[in-house]
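**Student:** Quick one: the structure is below, questions incoming.
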Amino acid sequence: MHLYSLTVKPATACVSAVFGSFSKAKEQEIVINHGTSLSLQRHDRNVDQLMQICYHQAFGCIRCIAPFRLTGADTDYLILGTDSGKITLLRFDVSANAFVKVHEETFGKTGCRRIVPGQYLAVDPNGRAVMIAAVEKQKFVYILTRDSKANLVISSPLEAHKSSNLLLDVVGVDVGFENPLFACLELPYSDGQGASAGSKSLTYYELDLGLNHVTRKLSIPVPESSHKLISVPGESWDGPGGILICSSKRISYHNTESAQAISFSSNIPTSSTDDELEEIIISHATHRQKGIFFFLLQSERGHVFKVSLTMLPGTVTVGDIRVSYFDTLPLSTALCIMQIGFLFVGSEHSNHYLMQFTSIGDVDPNDECNSSGNEVMFEPRALKNLVVVDEIESLAPITSMILSDLAREGASQLYLTCGRSTSSSLRVLRQGLGVTEMAVSDVPGAPCAVWSVRTDRDDPYHRYIVVSYTNATLVLSIGETVEEVSESGFLNSTPTLACSLLGRHVVAQVHPQGIRLITVSDSSDALISQWAPPGNKTIVSSASNQSQIVIAMTGGELAYFELDDQTGHLLEMDRKELRHDVTCLALSAVPHGRQRARYMAVGCFDQTVLLCQCDDPSQPMIQLTVQSVDGVPNSLLLQDIGGYTHLMCGLQNGVLIRSSIDPTSNALVDATKRFLGARPVTLFSVRCDGVPCVMCVSSRTWLLYAPPSVGNLSDNTNITLVPIAYEPLDYVAPFQSEQCQDGVVAISKNTLRIIAVERLGDSPFSSSTVALDRTARRLVTHPVHSNVAFLIEADHRPPINSKMDREDARNVSNNREDEDEEESGHPSSFVMPPRSGPSTWSSAIRIIDIVSGNLHDLIVLPENTSAHCLTCLEFSARSGESFLAVGTSTGLTLKPRKAESYAIRLYRVLHHNDKYSLELLHETQTEQIPLALHAFQGRLLAGCGTTLRLYDIGKARLLRKAENVNFPSSIIAIHSSADRIYVSTQADSVHFVRFYRNEKQFDIVADSTEPRFLTSITVLDYNTIAGFDKFGNMFTSRLPLESQLELSSSESGPQVNTTLQNSDLIRGAAHKLKTANNFHIGDIGMASMRGQLVTGAAEAIFVSTIQGAIMAFVPFQTKEDVDLFSHLEMHMRTESAPLSGRAHLSYRSSYFPVKDCIDLDLCEQFPLLPAATRQSISNDLHIDPRDLIRKIQEQRHRVM
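Each residue of the sequence shown is one higher than the one before, starting from 1 at the first, in UniProt numbering.
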């Protein structure tokens, strides 16, 4: 079995982020490190939002990033610390819209090793040097300079190693243009005693630029709770320089001029709700402005504190340090203050926020701590100094996933539990762009078409909405309100086939009996002229542009008209009879500076499409080429996208065919097909987000557009077709008004809707969110009523005691109407709950309508009870009733892992008045922790520690029917197929178990030779599973054919040995699984499922990760595809070196050699290569470059 992997939705967690001007001077940009990828976000001043400029897969682990700017430069470079054993310097190439490598220097082995640098980066504030350091011992310093051509040059590494030394943090000290200085927070240790015997110190390392040597300049003791260093601006910002040292509940300041002593220290304000446990500072940001600077520091409870330094009069010498409460924000891994008054908050386990400063947090001196040692208490409150202006959705971490069409929409939805603690949520992801609904109005009858019409070419907004019925036409005027008009000049007693603006102010209405021209001017009433078809013929189809109209009449006759600008009348230029009736027509737009369009397309009932030329007055409808299609054309559209003219044909069988017109030969080339839905495809030209687009209406609505030019790709292959996450539409038209600049007016059943696509270029998923109180652990659905879901939540913290607290945890609001509430209340998802003792837990079971998000019931478990797993099942002995089994522990401590008691709680599911609730039947005690529950043949399978046990329902407790105690490590998941059970263990991969019902015994028939720490598995077929482990590996294992035959022919009972001395038990099962595929995904796969994302798409293995990514593994269809992509991947590994600096093959083989799995994410970078390189690779593969690009796109379209 050969697979290929692709990223369905990229990772969204923010591991770190930096601010700078990377593309051009004074641009406000943020680079976010997602762990294995980078994204560049730019602030859009028009809408106060962050717009993603580019996204890079690094194909390596990015451990840290840092910006730097050479002296005198106006743009920033980016430095990466990765697992490649190299330091990588990047710059942003505007022409390629991507980061490109400038330098790459090797200093150590690959991997995240303890003594190999890459964990810490520190840059000299003046851009002269950089230090890259390891967790222990090794530190290298590189000098950054320019050569004679002003290109960046990096020196050889200078060592600053120190043995038996742990590094906790490192920063560059602002010393002006003296020798660069780096401050390190170190913890020395001695052999045999460990780090606990040492004391922390602040050590300065000086780079002597004259001697090219690094010396250890100064070392001073610091508090044992010190954990973070912050550089203070120096002379360039009228600052004193030096270092802020963050320790538990205290901030200290040190300057090298102070020699061995800490200059000043101040307490940190304490919250009235805080516990007595020590807190650490997790992130910080520095605001630098000439003469003004301050620091924002965030604690692990979410509280943000403002730190400022007071100078002695007339000097830059620090006289005092002041700390005050600023605001409370979501826990962040990065805070970035932008120079235009915005704060970016990046998080690992919640959404990211862009906030605007409303004030800089000046407070009364009595409300701030200073070096005098005073203590200040504060009450957490709603945002006062900041206001949220943009929110970037993040799914990280994803803890469970369901892929199914539970909403009966014709396409699967992804149901994900995301986040942590009070930031936890249930997300429903639908493939498609998000839509903003501007207006919805019921209209009488059943409309069949709609158009929006301007009355003057220079008018920026539409004036009329024309709605057509089967026997009438309704005209609505657009103003402050939409109202029906009766004297618009339109013929209301007949259906309308088309409606458009010709010339400057001539509106054409095409109806079955003719063409009606309405000349609109401000000085006179509408003047009406008409054209009628000859004889008894009627018009069946029409197409028009700015100056031309072509109609099709019954009998296959075409008539071509042009508008006379002088008289405002139509001039019939030509007629043409075809052998078959016409179904649809299309005219291209008139190019700028020309009078006529070049192309016309005609769709016929004989399943052909004719391409004609219509810019020659002597031969207005000369046929150029014929395209045969696989169905009757329903709609045609000629549209300029990506610099090329495309002919799009929507067929009645739901297929869209897109072809490019060769401007030289006028031939139709590069035809691509895509199944869009069960209904006939209708095509409309619209504008969304300022970009020309094509809206394709079928059983789902799709949007086709060309994203901004990427890299060196200048052809028409970079075209995106994505669905719209909105209910099915019947007919659409572009719509522009003062309230909606680039919208769409549409008909859906008997309603008229005005909508707007939110953002082009975003991830093609829209989501709805249900906020949760605690961290979601597991999600299952009802076996009969699949829209009902059961969710367990558990947090290692004190319980939420009151209903008011639960409401506060679910509802987050930064703007409260009640002023008193604004002073006292606070958004609880922005504040981490109080920490608890070692065995304190808060858990609950939530019953929810997973489609609508409505809550049925919330059952809070007893205090200090932790919920671990659940399943919904029906017992054979109690048919017709549904039960929910939940595995729990009481008083659980994590290290060492033990608890007061373990139990399986069994609930009866009750259904009354469309509401579901739970009734506790009984609680069954177990000897070990139950981490896995599964319904099996009308009974309950439970994984209790290392024991697999089968239970049946009893009156007072669950009844034990069978068990197997021979598993080497704890059972974490159970799956089944027929009589075979697939048991996932914590450290020993997966076991195939067979249950003998008559003997009531389990027999381990097969296991794996590779010890894997599993997180999730998916059953592919009776003999094959796909799994994911804690080290970011994906694998598939299959029972060999000989073992399959032996097991299928065996009719004897189980061969179970119960003594550890038995050699068969020591060796494991008699049969061993064979690994079919290996692939390192670079992230921990938390949940996996087999399924289809879109109806008619290929089945794939979908996995969601802890960093918020969703990936798919798809089997290849043919051996030819396997061979083609294997060779393409081999070329791409050479020609497209990863940004991280690590070899692609080494990365994908981090723990196991990659086997029979192609990285499509790497292959998709083929269009970004230079044209000469693309041609060279294509020649080696014996395929045209355009065909190869299309082949790559087809592999993604098979899934999405």
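Glycine residues also receive a C-beta, built at the ideal position from the N, C-alpha and C atoms.
For the segment 441 to 451 against the segment 769 to 782, do three or more pairs of beta-carbon atoms, one drawn from each stretch, fall closer than 8 Å, so that the two count as touching?
**Tutor:** no
**Student:** Using only alpha-carbon positions, find the residue among S882, T924, F1079 that is nearest to S889.
**Tutor:** The shortest Cα separation from S889 among S882, T924, F1079 belongs to T924.
**Student:** Ordered along the chain, which non-local residues of its own chain (more than five positions away) have a Cβ less than 6 Å from that of A439?
**Tutor:** So the qualifying residues of the chain are I754.
**Student:** Quick check on the DSSP output: what are the complete beta strand (DSSP E) runs of length 3 or more inside the segment 351 to 413, in order along the chain?
**Tutor:** 352 to 357, 386 to 392, 398 to 404
**Student:** Pull up the distance between the alpha-carbon of Y464 and that of N634, whole angstroms please.
**Tutor:** 26 Å
**Student:** For T82, list the residues DSSP reports as bridge partners.
**Tutor:** I62
**Student:** Under a Cβ-count criterion, where at least 16 other Cβ atoms within 10 Å of its own Cβ denotes burial, should residue 1212 be classed as buried or exposed?
**Tutor:** Here the chain covers residues 1 to 1200 and nothing more, so residue 1212 does not appear.
**Student:** Please list, in chain order, all residues of the same chain as V318 whose beta carbon is under 8 Å from its beta carbon, the five residues on each side excluded.
**Tutor:** P240, G242, Y253, N255, S263, F264, L309, T310, M311, L312
**Student:** Closest to V507 by CA distance: which of S488, N46, E300 is it?
**Tutor:** For the residues S488, N46, E300, the minimum Cα distance to V507 belongs to S488.
**Student:** Counting pairs of Cβ atoms below 8 Å between the segment 117 to 124 and the segment 171 to 184, do you hit three or more?
**Tutor:** yes
**Student:** Taking DSSP as the reference, what is the three-state secondary structure of F1031?
**Tutor:** coil
**Student:** Which residue wins for smallest C-alpha separation from M1200, given the options M1, T7, L3?
**Tutor:** T7
**Student:** Nearest to C1163 by CA position, among V1122, S1140, R1142, is which residue?
**Tutor:** V1122
**Student:** At the level of alpha carbons, what is the spacing between R905 and H796?
**Tutor:** Note on geometry: alpha-carbon atoms of R905 and H796 lie some 20 Å from one another.
**Student:** Just grab the DSSP bridge partners of I549 for me.
**Tutor:** S544, F561
**Student:** So, are the CB atoms of C1157 and F1079 less than 9 Å apart?
**Tutor:** yes
**Student:** Suppose you measure from the CA of D715 to the CA of E738; what does that come to, to the nearest Å?
**Tutor:** With a pLDDT of only 49 at D715, under the threshold of 50, the placement of this residue in the model should not be trusted; the figure read from the coordinates follows. Those two C-alpha atoms are separated by around 35 Å.
**Student:** Roughly how many angstroms separate the alpha carbons of T567 and L517, rounded to a whole number?
**Tutor:** 12 Å
**Student:** Would you kindly work out how many angstroms separate the C-alpha atoms of G234 and K26, rounded to a whole number?
**Tutor:** 21 Å
**Student:** Can you tell me where the alpha helix (DSSP H) with M338 in it begins and where it stops?
**Tutor:** Per DSSP, M338 belongs to no alpha helix (DSSP H); it is in the beta strand (DSSP E), 334 to 338.
**Student:** Label D670 either buried or exposed according to how many other C-beta atoms from any shown protein chain fall within 10 Å of its C-beta, with 16 as the threshold for buried.
**Tutor:** buried
**Student:** Is T417 near I398, with beta carbons less than 9 Å apart?
**Tutor:** Yes; because the gap between Cβ atoms is below 9 Å, this pair is in contact.
**Student:** Please identify the residue among A706, R596, D979 whose C-alpha is closest to the C-alpha of Q548.
**Tutor:** Nearest C-alpha to Q548: R596.
**Student:** Give the DSSP-derived three-state secondary structure of P692 in the structure shown.
**Tutor:** strand
**Student:** Could you give the distance in angstroms between the alpha-carbon of E483 and the alpha-carbon of I32?
**Tutor:** 49 Å
**Student:** Helix, strand or coil for E279? Go by DSSP, reduced to three states.
**Tutor:** coil
**Student:** Would you say T751 and P723 are within 9 Å of each other, going by their C-beta atoms?
**Tutor:** No; because the gap between Cβ atoms is not below 9 Å, this pair is not in contact.
**Student:** For the alpha helix (DSSP H) that contains N33, what are its first and last residues?
**Tutor:** Segment 29 to 33 is the beta strand (DSSP E) holding N33; no alpha helix (DSSP H) there.
**Student:** For the alpha helix (DSSP H) holding E1129, just list the boundary residues, first then last.
**Tutor:** 1119 to 1135
**Student:** Please report how far the alpha carbon of T481 lies from the alpha carbon of S441, in whole angstroms.
**Tutor:** If I take the Cα positions, the gap works out to 12 Å.
**Student:** In chain order, what residues of the same chain lie with their CB nearer than 7 Å to the CB of E279, ignoring the 5 residues before and after it?
**Tutor:** S248, K249, S299, E300, R301
**Student:** Grab me the residues of Q623's own chain with a C-beta within less than 7 Å of its C-beta, minus the 5 sequence neighbours each way, in chain order.
**Tutor:** L610, C612
**Student:** In whole angstroms, what is the alpha-carbon distance linking L1060 and D857?
**Tutor:** Annotation note: pLDDT 44 at L1060 (below 50); position unreliable, no value reported.
**Student:** In chain order, what residues of the same chain have a beta carbon less than 8 Å from the beta carbon of T496, not counting five sequence neighbours either side?
**Tutor:** A449, W451, V466, S468, T473, F490, Q509, V510, H511
**Student:** Check D1161 in the structure and name its three-state DSSP category.
**Tutor:** helix
**Student:** Check whether the Cβ of S628 lies closer than 9 Å to any Cβ atom in chain D.
**Tutor:** The structure shown contains no chain D; it is built from a single protein chain.
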